[in-house]
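Heads up, the thing below is written out as C-alpha cells.
In the working numbering, the protein residues as written are 319 to 441.
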C-alpha cells in the first residue's frame with residue numbers, strides 16, 4: 319500500500335471514529351495552493367475541530383504523532399485561519415487542532431488509535 323493510500327485509509331478510519339464520538343464532519347482535505355492541507359474539519363458543541371491524521375504501519379518505539387514538527391504545527395495554525403477566511407467565518411470562531419494517530423498492522427487492521435484533543439494550541 320502506498321503512503322497516499324495508507325493516509326487515505328487512516329483518514330477514513332478517523333472520520334468513522336469522529337462520527338461515532340458525536341462529531342459532525344464538515345469537510346475533508348482542504349487545500350490551499352501549495353501551502354498545505356487540512357485533513358478533516360469537524361464540529362462538536364459549537365467548535366470547529368481541525369483534525370490532523372497521522373497513519374503508519376505499527377512498529378516498535380515509533381508513534382505517528384512524533385511526525386508533527388514545530389514547522390508542521392505552525393503550518394496547521396496558518397491553515398486554520400485560511401480555512402476560516404475561505405469559508406467566510408470570523409477569525410475568533412471557537413476552534414481547536416486535534417491530532418489523531420493511527421497505527422495499522424500488515425492486514426490494515428487498527429492496532430492503536432489515539433485522539434489528542436487540542437494538541438496544538440494558540441490557533
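Where is the CB? At the ideal position from N, CA and C, for every residue including glycine.
Test item: CB-CB of residue i and residue j under 8 Å
i           : j           : result
residue 343 : residue 420 : no
residue 383 : residue 417 : yes
residue 423 : residue 376 : yes
residue 327 : residue 341 : no
residue 401 : residue 356 : yes
residue 332 : residue 358 : yes
Straight-line Cα distance separating residue j from residue i
i           : j           : result
residue 373 : residue 360 : 19 Å
residue 406 : residue 399 : 10 Å
residue 329 : residue 369 : 9 Å
residue 339 : residue 435 : 13 Å
residue 431 : residue 347 : 20 Å
residue 397 : residue 378 : 32 Å
residue 410 : residue 395 : 13 Å
residue 381 : residue 364 : 30 Å
residue 334 : residue 349 : 21 Å
residue 324 : residue 428 : 12 Å
residue 404 : residue 353 : 14 Å
residue 391 : residue 408 : 21 Å
residue 351 : residue 393 : 13 Å
residue 415 : residue 322 : 22 Å
Span of the alpha helix (DSSP H) around residue i
i           : result
residue 404 : 388 to 404
Identified DSSP bridge partners for residue i
i           : result
residue 414 : 367
residue 375 : 422
residue 340 : For residue 340, which the question treats as bridged, DSSP gives no partner whatsoever.
residue 333 : Per DSSP, none; premise fails for residue 333.
residue 380 : None; residue 380 has no bridge partner.
Endpoints, beta strand (DSSP E) assigned at residue i
i           : result
residue 320 : Here residue 320 belongs to no beta strand (DSSP E), and DSSP marks it neither H nor E.
residue 357 : 354 to 362
residue 435 : 428 to 438
Neighbour-count burial assignment, residue i, 16 or more Cβ in a 10 Å radius
i           : result
residue 413 : buried
residue 437 : buried
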